[in-house]
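Numbering (the UniProt record's numbering), first residue to last: 1 to 284.
Here is the structure:
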């Protein structure tokens, strides 16, 4: 279903937002570089990893990379291209700058590393990040199925995510705002790393909280969907981590629990009033 930001836009500008998003998707598909193509004579596109509301991520190889003998090492990387057409909406360029700013400054073992950033020939911002070959947490949970991940693996991955959030909150004064299994990638040693910082809120303490309705609908805290515009803070990330924990420990798929077609208000009410979720085995 559509992302939370698109839902919010459609509620205010239904026809305009729908037309704009459809056109942006059409243009994005027409400009998508095919596998095997080269970008800036530096990166060879290998395959499409995934596509979100505002960017597309590819597996790529750095063709400039050389080993100690001077031979092509072709280090793999994750190449995220932020689509300029979609960033024409108010505030989107600022979010792109914040994503780059946070990734550039972050130094943590459980946050993906930004290797470099540049503008493509189409003037789109490209972020080159470390490649994590074991996919994302959602894919892992789907592969394992019920009753979820092994206790030892779930405990370690959730602890790593908690440490990453602690670093963002305490050291960088940042709220992540889009924690979900799809935004947790797994490196070659099966360690969790946060990725996709497009919705971060920087300087959250200085600004006395955040107010924008952003995030993935089924993982946002009730205070984010409130209509009284009260500021919210870092606790929304911990709420999302609780939901991610439930998914990991049950093998459940969060998105089917509360249908998106009930609207944002209906989802907030369902979160507050629904029956107890299915039990998970005790690990925490």
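Glycine included, C-beta positions come from ideal geometry on N, C-alpha and C.
In chain order, what residues of the same chain lie with their CB nearer than 6 angstroms to the CB of residue i, ignoring the 5 residues before and after it?
i: residue 80; result: 55, 57, 127
i: residue 158; result: 245
i: residue 185; result: 132, 136, 193, 195
i: residue 32; result: none
i: residue 100; result: 117
i: residue 212; result: none
i: residue 256; result: Here residue 256 scores only 43 on pLDDT, less than 50, and its place in the model is too uncertain to base an answer on.
Assuming contact is defined by CB atoms lying nearer than 8 angstroms, are residue i and residue j in contact in what I supplied?
i: residue 149; j: residue 77; result: no
i: residue 114; j: residue 129; result: yes
i: residue 177; j: residue 200; result: yes
i: residue 189; j: residue 111; result: no
i: residue 146; j: residue 182; result: no
i: residue 180; j: residue 232; result: no
i: residue 174; j: residue 224; result: no
i: residue 60; j: residue 82; result: no
i: residue 221; j: residue 239; result: yes
Quick one: using the 10 Å Cβ neighbour count with 16 as the cut-off for buried, is residue i buried or exposed?
i: residue 197; result: buried
i: residue 292; result: Absent from the structure is residue 292, since the part of the chain shown begins at 1 and ends at 284.
i: residue 235; result: exposed
i: residue 172; result: buried
i: residue 308; result: No answer is possible for residue 308: the residues shown for the chain start at 1 and end at 284.
i: residue 205; result: exposed
i: residue 21; result: Low confidence applies to residue 21: its pLDDT is 45, below 50, so where it sits in the model is not reliable, and the reading given next is rough at best. That one is buried.
i: residue 152; result: exposed
i: residue 230; result: exposed
i: residue 140; result: buried
i: residue 293; result: Only positions 1 to 284 of the chain appear in the structure, and residue 293 is not among them; the question remains open.
i: residue 125; result: buried
Which same chain residues, not among the five before or five after residue i, have their C-beta less than 7 angstroms away from its C-beta?
i: residue 35; result: 45, 46, 47
i: residue 98; result: 200, 202
Using only CA atoms, which one of the options lies nearest to residue i?
i: residue 74; options: 104, 204, 43; result: 43
i: residue 243; options: 134, 166, 162, 121; result: 162
i: residue 155; options: 168, 59, 191; result: 191
i: residue 108; options: 251, 167, 33, 180; result: 167
i: residue 251; options: 143, 134, 53; result: 143
i: residue 170; options: 237, 53, 52, 51; result: 237
i: residue 52; options: 222, 241, 215, 239; result: 215
i: residue 160; options: 50, 241, 32; result: 241
i: residue 134; options: 33, 49, 32; result: 49
Take residue i and list the residues in its own chain whose beta-carbon comes closer than 8 angstroms to its own, dropping the five residues that flank it on each side.
i: residue 63; result: 38, 41, 42, 43, 44, 72, 74
i: residue 187; result: 130, 132, 133, 134, 193
i: residue 123; result: 84
i: residue 285; result: With the chain covering 1 to 284 only, the question about residue 285 has no answer from this structure.
i: residue 121; result: 40
Consider the Cβ of residue i: report whether some Cβ of chain D lies at a distance smaller than 8 angstroms.
i: residue 73; result: Here chain D cannot be found, since the structure has a single protein chain.
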